[in-house]
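Q:
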Amino acid sequence: MTTVMIQEARARGTVGIFTQVMDAAQSAAPDRESAAAALEFLGEMSPDLRGAAILGPAGEVLAATGEEAERWGEDAAVLFAAADGAEEAPVEQVHIATEQGEVFAIRNAGLAAVSVTDRFSLASLMLFDMRSMLRELADAS
Amino acid sequence: MPPKPHRILLDRVSVYADEAAAFMRRRRISRRPFARLYYPHGRSADHAEDSRSGAELFVAAGRLIEVAGKKGKG
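Chains as they are written, first to last, in the working numbering: chain L, 1 to 141; chain U, 1001 to 1074.
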């Protein structure tokens, strides 16, 4: 299913947008240890957080919660492809609220982050924390 | 005899707490699933669940929720 959606996104030419949006000045991705530490800190700040991942400039997973880092990368790529394809324009932030939980995604400073929280979490706070995390990671690298 | 100052303070805090609880109740009832995209310069757009783009977003979100699991932060 993921492969099919990625293929569809490729056919529409929206997957490329993921990397095009990345800031060219941010060529050096942060190391994985810094990303993992940032993710842990995000978890401490956000009690509603179920899981999250930080993606590098090329969409590679720098850090992820749980044991399925590869899947985080694939599913985040599908989400960004669907979001970019909605209006054929690169998105900055995504917020999707479902009955099962809420999904946030953000691009900042050449990096991207996705997170999943419980329902009714405070969106502005979550996005603010994610943006700050990416900015600090980019600055440190 | 006027009420003691700490009573006034307690009453005020109690009123604020009631208001906050009511707000949260209303919010829980009124919130429905949605997909909202934010673009540069502050523009945002909602995508209905039954639209093509909305359906893709909800499928993608569902997969992420699945990989995150129900509990634990890894």
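Here a beta-carbon is modelled for each residue, glycine too, at the ideal position from N, C-alpha and C.
Evaluate the contact criterion for the segment 1023-1034 of chain U versus the segment 93-102 of chain L: three or more CB pairs, one atom per stretch, below 8 Å.
A: yes
Q: What are the residues in the segment 41-64 of chain L lying within 7 Å of chain U by C-beta distance?
A: 43, 49, 50 and 51
Q: Any Cβ of chain U within less than 7 Å of the Cβ of residue 73(L)?
A: Taking Cβ atoms only, chain U never reaches closer than 7 Å to residue 73(L), which makes this a no.
Q: Given a limit of 8 Å on CB to CB distance, which residues of the segment 92-112 of chain L reach chain U?
A: 92, 93, 94, 95, 96, 97, 98, 99, 100, 101 and 103
Q: Is residue 21(L) helix, strand or coil by DSSP?
A: Since pLDDT at residue 21(L) reaches only 47, below the 50 mark, its modelled position is unreliable, and no value is offered.
Q: Mark residue 102(L) as exposed unless 16 or more other C-beta atoms lie within 10 angstroms of its C-beta, in which case mark it buried.
A: buried
Q: Just checking: is the beta-carbon of residue 36(L) within a distance shorter than 7 Å of some beta-carbon in chain U?
A: no
Q: Helix, strand or coil: which one does DSSP assign to residue 104(L)?
A: strand
Q: Give the interface partners of residue 1016(U) over in chain L, defined as CB-CB distance under 9 Å, in chain order.
A: In chain order: nothing, as chain L lies at least about 18 Å away.
Q: Going by beta carbon distance, what residues of the same chain come within less than 7 Å of residue 122(L), once the five residues before and after it are set aside?
A: none
Q: Using the beta-carbon of each residue, which ones in chain L are nearer than 8 Å to residue 1009(U)?
A: Going along chain L, no residue has its Cβ under 8 Å from residue 1009(U), so there is no contact; the nearest lies around 27 Å.
Q: What does residue 68(L) reach in chain U if we use C-beta pairs closer than 8 Å?
A: 1067
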